[in-house]
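Residue numbering for the sequence shown is 126 to 192, as defined by our numbering. Glycine included, every Cβ here is placed at the ideal spot set by N, Cα and C. Bear in mind that the values here come from a model prediction, so they are computed numbers and not experimental data. Data first, discussion second: the structure below is written as structure tokens.
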Amino acid sequence: EALRLDSECKICFGQVADTLLLPCSHLVLCGWCANQMGVSKVTEFSPRMVQCPVCRTEVLDRIKVFR
């Protein structure tokens, strides 16, 4: 039970957190929530800055984690 709670998405609490945010390395979002927040690789054409929901560091990229 504790392992499940530690690995669930901290936004929706319904999916497993599988998206590693860079550069802060927090693993707290599921893919759906990351998409809804607009988390993607930063380019010069990025419409807005996205912040990590834990530490508020600007997210520059993300990595899908397979467990």
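Backbone secondary structure at residue i - three-state DSSP
i      : result
Gln176 : strand
Pro186 : For clarity, residue 186 is Asp in the given sequence; the question names Pro instead. Three-state result, Asp186: strand.
Buried/exposed call for residue i, threshold 16 Cβ in 10 Å
i      : result
Arg187 : buried
Cys180 : exposed
Val190 : exposed
Span separating the alpha-carbon of residue i from that of residue j
i      : j      : result
Gln140 : Leu147 : 20 Å
Cys134 : Leu185 : 19 Å
Gln176 : Arg192 : 24 Å
Met162 : Ser132 : 19 Å
Spatial neighbours of residue i in its chain, beta-carbon cut-off 6 Å, leaving aside the 5 residues before and after
i      : result
Ile144 : This sequence places Thr at residue 144; Ile is not what is there. Excluding positions up to five away in sequence, the list reads Leu154, Gly156, Ala159 and Arg187.
Met174 : Glu183
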